[in-house]
Amino acid sequence: MKADEVLIAHHDVLRGLLRGLAETTGEQLGRREELRDRLLRELEIHTQIEDELFYPAVRDVSPLLSLAHAEHRQIDDQLATVMRTATDDPEFTTEVRMLEKTLRHHTMEEEQRIFPQSHALGEERLEELGAQLRQRQLELTRSGGMRLIVRLKRAALRLV
Ligand SMILES: [Fe+2]
Ligand SMILES: [Fe+2]
C-alpha cells in the first residue's frame with residue numbers, strides 16, 4: 043500500500059469512531075468510555091506516524107504542512123476537551139461533534155490537497171513510505187509504551 047492509502051484507511055477508522063461516539067446516547071456510558079478510549083489511542087497513533095514519518099517525507103513537495111501541523115494542534119486541543127468532559131454531561135455530544143468537524147476538515151485537506159502533492163515523490167518512494175507507516179502503526183498499536191502514554195495522558199487530561 044502506498045503512504046496515502048495507508049493514511050486514508052486510518053482516516054476511515056478515525057471517522058468511524060467519531061461517528062459512532064457522536065451517535066451514542068447518555069444511556070450508553072460504557073460504550074462511550076470504550077469508544078472514547080479507542081479514539082484517543084488511534085488519534086495518538088495517527089498523529090504520531092504523520093508527524094514522525096509522513097510530514098517530514100513530503101516537506102519538499104507540499105507547501106501546506108505548517109497549516110496541517112496547526113490543525114493537529116487544534117485536534118489535540120479539542121480531543122483534550124472531549125477527554126475532560128464527563129460522558130454523562132449533556133454537552134458531551136456537542137464537544138464530540140466539534141472535534142468530528144475539525145477532523146473531517148483536516149482529513150479532507152490531506153486527502154484532497156496534501157496527498158495529491160505527495161505523488162510527486164513517485165510510486166516507489168510512496169510504497170516504501172507506506173510500508174514504514176504501516177510498520178510504525180503496528181508497533182505503536184502493540185507497544186506497551188504507547189498504552190502507558192495513552193493512560194497517562196488520559197489521567198493528566200482529567201486532572202486539568
Ligand atoms: Fe493529519
Ligand atoms: Fe491524517
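Adding 42 to a residue's 1-based position in the sequence shown gives its number in the working numbering.
Heads up, the beta-carbon is just placed ideally off N, CA and C, and yes, glycines get one too.
Pairwise C-alpha distance: residue j and residue i
| i | j | result |
| --- | --- | --- |
| M150 | Q159 | 14 Å |
| K143 | Q174 | 29 Å |
| I117 | L190 | 21 Å |
| R200 | R74 | 16 Å |
| S108 | I156 | 12 Å |
| V48 | P132 | 36 Å |
| E165 | L85 | 27 Å |
| L71 | L180 | 29 Å |
| L163 | D130 | 47 Å |
| A99 | E169 | 12 Å |
| H53 | D119 | 19 Å |
| L59 | H148 | 16 Å |
| M188 | R176 | 16 Å |
Best match in the options for proximity to residue i [C-alpha to C-alpha]
| i | options | result |
| --- | --- | --- |
| G68 | G164, R80, A128 and E47 | A128 |
| V55 | L145, I191, E170 and P132 | L145 |
| R61 | I87, Q174, A122 and V138 | V138 |
| E65 | D119, A45 and F134 | F134 |
| R101 | M43, H161 and I87 | H161 |
| I50 | E152, L141, L190 and E76 | E152 |
| A45 | Q116, Q70, R78 and R167 | R167 |
| R178 | L77, E76, E75 and E92 | E92 |
| A197 | G164, T183, R126 and G187 | R126 |
| L182 | I87, L59 and H53 | I87 |
| D79 | T136, R184 and L121 | L121 |
Where residue i sits in the DSSP three-state scheme
| i | result |
| --- | --- |
| M150 | helix |
| G62 | helix |
| P105 | coil |
| A128 | coil |
| M140 | helix |
| T123 | helix |
| Q70 | coil |
| E133 | coil |
| S160 | helix |
| M188 | helix |
| K195 | helix |
Anticipated Cβ contact below 8 Å, residue i with residue j, distance rounded
| i | j | result |
| --- | --- | --- |
| V224 | L95 | Beyond the ends of the chain as shown, which are 43 and 202, falls residue 224; an answer cannot be given. |
| T89 | H114 | 5 Å |
| M43 | G186 | Not a contact, Cβ separation roughly 26 Å. |
| L106 | V124 | Actually they are not in contact, since the Cβ atoms of L106 and V124 sit about 26 Å apart, beyond 8 Å. |
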